[in-house]
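Down below is the structure, laid out as structure tokens.
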Amino acid sequence: MRSNKKIVHMTTVHHPFDPRIYHKECLSIKEAGYDVTLLAQKDPNTGELSEEITHIPLETYDGKLKRMLFAPWQAYKKAKQLDADVYHFHDPELMLVARLLKKKQNVVVYDVHEDFVTSLIKKDYLNKFLKLLIKKSFRTVEKVITKPFKKVLAEKYYQEIYPTGEWVLNYPTVNKKFISHRRDEQPIEDKLIYTGNVDLERGAKIHGNLPNIHPTIQMHFIGKCPRKFADEIEQVAGENVNRIHIQGIDQFIPKEVIEQSYLNTNWLAGVALFPPTDHYLKKELTKFFEYMNAGLPIICSNFDRWKEFIEQYQCGIAVDPYDEQAIYEAIEYLRQNPLEARKMGENGKKAVQEKLNWKTQANHLVELYDEWLSEIK
């Protein structure tokens with residue numbers, strides 16, 4: 015019986031209310047009947063997890079280096095005491111302690127949220143030699159350490175790196191409030207929204223420049239935004255800074271708050287005008303699914319994969335993120351064609367409700383747990 019099997023999710027990096035870890039994976043496998051515990055840092059700003067999931071808080075550390083040195087071993091000690099049937103970890107810095115937890119009688123799962131190496135070596139302060147050295151060294155060490163682990167992949171293209179990995183894609187949970195929400199009952203406003211973590215690689219400066227490109231548009235950021243990026247966004251906006259709105263400076267914004275924000279305003283579009291980087295060129299951006307779930311058209315960068323996705327689902331407009339005239343025309347097209355804007359939003363919502371939703375992935379994850387646990391009987 016599943017209720018006799020203990021599953022422990024472990025993260026030293028992600029927020030305890032991380033949408034993928036908590037809201038999707040932990041709650042779904044709990045609903046399937048497994049005994050679920052989450053090892054994660056405690057956030058004093060958001061309170062405790064719900065009673066549905068047992069949360070064992072980890073100590074927080076000032077600075078990334080301290081966290082990487084001390085948090086994994088703290089997680090290891092607490093995890094070992096739990097003697098779980100499945101240890102499901104979410105951060106590369108936990109690889110070694112996860113290997114120490116691996117026994118013949120349990121399953122260890124490596125949840126690959128992102129292409130860590132591609133993300134790391136894009137740092138400008140690393141020269142070409144160091145980038146190559148880091149890439150080869152990490153891949154070699156990772157391959158050895160994670161050999162006995164099962165792997166689940168949040169993104170399709172990660173299978174190029176982890177050929178034995180199983181897709182458990184980061185599709186959204188269908189929000190029932192979104193299903194009944196009608197955008198045609200009120201005028202569409204000259205407001206664009208960006209949700210999720212804010213940084214330069216996710217287009218912070220490009221989005222901050224939008225009020226300079228269009229004379230009436232207001233740009234809203236809703237998600238954790240370090241103060242230094244907020245300052246850069248406001249500097250880019252210049253004299254139009256009054257049309258920049260940032261909710262989440264140095265603070266995590268819970269999933270429920272973000273989802274309610276989609277309903278509170280009749281947004282013109284959700285934006286994802288990212289600069290081209292290897293890290294994002296191949297991704298199907300999770301943000302797309304979230305905007306689609308809310309019934310919003312998308313304005314995004316015209317990377318080949320992104321443009322193909324937008325055209326497949328007829329859910330938005332893809333433009334060159336550095337072409338201000340093209341961005342202006344995309345914004346103006348949605349303003350001048352509200353029926354078409356609503357149609358794009360409805361196309362995206364339909365795709366999420368019928369196909370691109372978390373339920374399909376949750377069922378697969380539970381099936382994988384069942385299969386892997388049966389192998390160690």
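Just remember that the working numbering sits 14 ahead of the position in the sequence shown, which is counted from 1. Built from N, CA and C at the ideal position, the CB exists for glycine as well.
Residue interval of the alpha helix (DSSP H) (run including residue i)
i    : result
D337 : Run containing D337: none; DSSP gives neither H nor E here.
Y294 : 292-295
S42  : 41-45
K164 : Taken as a continuous stretch (DSSP letters only), K164 belongs to no alpha helix (DSSP H), being part of the beta strand (DSSP E) at 164-167.
T300 : 300-307
V271 : 269-278
Q261 : Here Q261 belongs to no alpha helix (DSSP H); instead the beta strand (DSSP E) covers 258-263.
I324 : 318-327
Status (buried if at least 16 other CB within 10 Å, exposed otherwise) for residue i
i    : result
K164 : buried
L108 : buried
P33  : buried
S151 : exposed
Y139 : Any reading at Y139 needs caution, since the residue's pLDDT is 47, under 50, leaving its predicted position unreliable; the model's value is listed next. Y139 comes out exposed.
Q368 : At residue 368 the sequence reads Glu, which differs from the Gln that was named. Looking at its Cβ environment, which holds fewer than 16 other Cβ atoms inside 10 Å, E368 is exposed.
E39  : buried
K161 : exposed
W87  : exposed
M15  : exposed
N371 : buried
Q375 : buried
E400 : Because the chain is modelled from 15 through 391, residue 400 falls outside the range shown and cannot be assessed.
Q232 : buried
P30  : buried
Nearest-angstrom Cβ-Cβ length linking residue i and residue j, presumed shorter than 8 Å
i    : j    : result
Y90  : D129 : About 25 Å separates the two Cβ atoms, so there is no contact after all.
P290 : F317 : 6 Å
V22  : L53  : 6 Å
I70  : T51  : 6 Å
I202 : A308 : Between A308 and I202 the Cβ distance is about 13 Å, and since that is not below 8 Å, they are no contact.
P7   : F288 : Because the chain spans 15 through 391 in this model, residue 7 falls outside it and cannot be assessed.
D49  : K20  : 5 Å
D99  : L295 : Actually they are not in contact, since the Cβ atoms of D99 and L295 sit about 38 Å apart, beyond 8 Å.
Boundaries (first-last residue) of the beta strand (DSSP E) holding residue i
i    : result
V22  : 20-24
V50  : 49-55
V285 : 283-286
I35  : Per DSSP, I35 belongs to no beta strand (DSSP E) and is neither H nor E.
I312 : 312-315
Test: residue i CB closer than 8 Å to a CB of chain D
i    : result
Q119 : The question asks about chain D, but that chain is absent: this structure has only one protein chain.
Please give the ranges of any beta strand (DSSP E) in the segment 357-387, keeping only runs that are unbroken, at least 3 residues long and fully inside the region. none
Give the list of continuous alpha helix (DSSP H) stretches no shorter than 4 residues that lie fully inside the segment 187-247. As far as the segment 187-247 is concerned, its whole alpha helix (DSSP H) runs of at least 4 residues are 190-194, 218-222, 224-227.
Count Cβ pairs between the segment 318-338 and the segment 258-266 that sit closer than 8 Å; are there 3 or more? Touching, no, given that fewer than three Cβ pairs across the two stretches are closer than 8 Å.
Using 8 Å as the cut-off, can you tell me whether the segment 281-297 makes contact with the segment 204-211, which would need three or more C-beta pairs spanning the two stretches below that distance? yes
My parser needs the alpha helix (DSSP H) runs of 4 or more residues fully inside the segment 57-135; what are they? 78-96, 109-115, 130-135
Would you check if there are 3 or more beta carbon pairs closer than 8 Å linking the segment 167-182 to the segment 244-255? no
Touching by the beta-carbon criterion (3+ pairs, under 8 Å), the segment 345-361 and the segment 223-242: yes
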